[in-house]
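Below is one structure, written out as structure tokens, with a few remarks after it.
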Amino acid sequence: MLSVEKVIASFIMPPGLFVILILVLSIYLLKKSKSALIKITAIVSLLLIFFLSTAFGVKVLLHPLENYAEEISVNALEKHPIVVLGGGLNYYSKNEAKPSLHSMQRLIKGYQLHRKLKTNLIYSGGIAIGQEKISEADAAEEFLSSLGMDKKFYISESQAQTTFENAAYLKKWIEENEIEKVYLVTSAYHILRSAAVFKAQNIDFLAVHSGFIYDHQFSWLDYLPNRGALKANLSALHEWIGLAWYYIRGRI
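Mapped onto my numbering, the consecutive letters of the sequence shown carry residue numbers -15 to 236.
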């Protein structure tokens, strides 16, 4: 009975509901429309939304990114500064913002390394486009203080708004302080692009991913449309497009 409820729930709530609506629309267009282009567009749209909202998409888009991160991530043994890349803020008002879930995941991983190594932690993240106050680095400082981190170990980089800018601004700090190597901490899905950018900037780093954003062991439910898969696949798609764009722009 519970299995039946799960199946029903997956199709009466988005994105499953969108799959059903596009399916109905596609059937109608296949029967009524004389345009081959409209028919092809309808079918492609149906397949795309289903792919992006299920484990089929996760296997193709997300897992290659996170598996790469797992392969190159290291256990922190040497004493190097810890670089944590921003993952966004949740703004509640003009004067209040908190790290997003991805940012908190990265910060917690960075803080765990800091407690183990007793080295400086630098967080890179500026003010979000469209906002006027509170940078990611400011919110990160407050969050780390709430965990008990001594502020003398915290270094703020509050200008970067992209992964490319993360590396560019951090390179200046690394060169000014004659740092030989850093730990690069970010989400597993973000490691590939981050590593490519840091390599292009000739920054020597040891990658440490802060965790996965979707299961790597699937159940049959994962092959039904679900919000978790859709969100994970959109994050992965953002990374692949970002990689292609950075390559075109000569940033990697």
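Don't be surprised by glycine CBs; every beta carbon is placed ideally from N, CA and C. Owing to the predicted nature of the structure, the values given are computational and were not obtained by experimental measurement.
Is the CB-CB distance between V181 and A151 below 8 Å? In this structure, V181 sits near A151, with a CB-CB distance shorter than 8 Å.
I'd like the list of long-range same chain contacts for G132, defined as Cβ closer than 7 Å, with 5 residues on each side in sequence excluded. Taken in chain order, the list of residues that qualify is empty.
Take I27 and list the residues in its own chain whose beta-carbon comes closer than 7 Å to its own, dropping the five residues that flank it on each side. Around I27, the same chain offers S10 as residues with beta carbons nearer than 7 Å, after the five sequence neighbours per side are excluded.
Just checking, does the region 77 to 88 make contact with the region 115 to 128 on the three C-beta pairs under 8 Å criterion? Under the Cβ criterion (8 Å, minimum of three pairs), the region 77 to 88 counts as touching the region 115 to 128.
Contact defined as beta carbons within less than 8 Å: I believe A124 pairs with G110. What is the distance between those atoms, to the nearest angstrom? Rounded, the Cβ-Cβ distance is 11 Å, inconsistent with contact.
Just to confirm the assignment, what range does the beta strand (DSSP E) spanning F189 have? Looking at the DSSP string, the run of the beta strand (DSSP E) that includes F189 is 189 to 193.
Taking the C-alpha atoms as reference points, what is the distance between I92 and S129? Going from the Cα of I92 to the Cα of S129 covers about 12 Å.
Among all the DSSP beta bridges, which residues are the ones paired with N74? Partner(s): K82.
Could you give the residue range of the beta strand (DSSP E) that holds I66? Where I66 is concerned, the enclosing beta strand (DSSP E) stretches over 66 to 69.
What are the start and end residues of the beta strand (DSSP E) that includes L108? Looking at the sequence shown, residue 108 is not Leu but Ser. Residues 105 to 108.
Need the endpoints of the beta strand (DSSP E) that I139 sits in, please. I139 -> beta strand (DSSP E) spans 138 to 141.
Of the choices K15, P48, A121, I4, whose alpha-carbon is the least far from that of L221? Ranking the options by Cα distance to L221, first place goes to P48.
Hey, quick one: how far does the alpha helix (DSSP H) through L46 stretch, first residue to last? Segment: none, L46 is in no alpha helix (DSSP H) and carries neither H nor E.
Looking at G71: is its Cβ nearer than 8 Å to the Cβ of A213? Against a cut-off of 8 Å, the Cβ pair of A213 and G71 comes out as no contact.
Using the Cβ count rule (16 or more neighbours within 10 Å means buried), how would you classify A179? By the C-beta density criterion, A179 is buried, having at least 16 other C-beta atoms within 10 angstroms.
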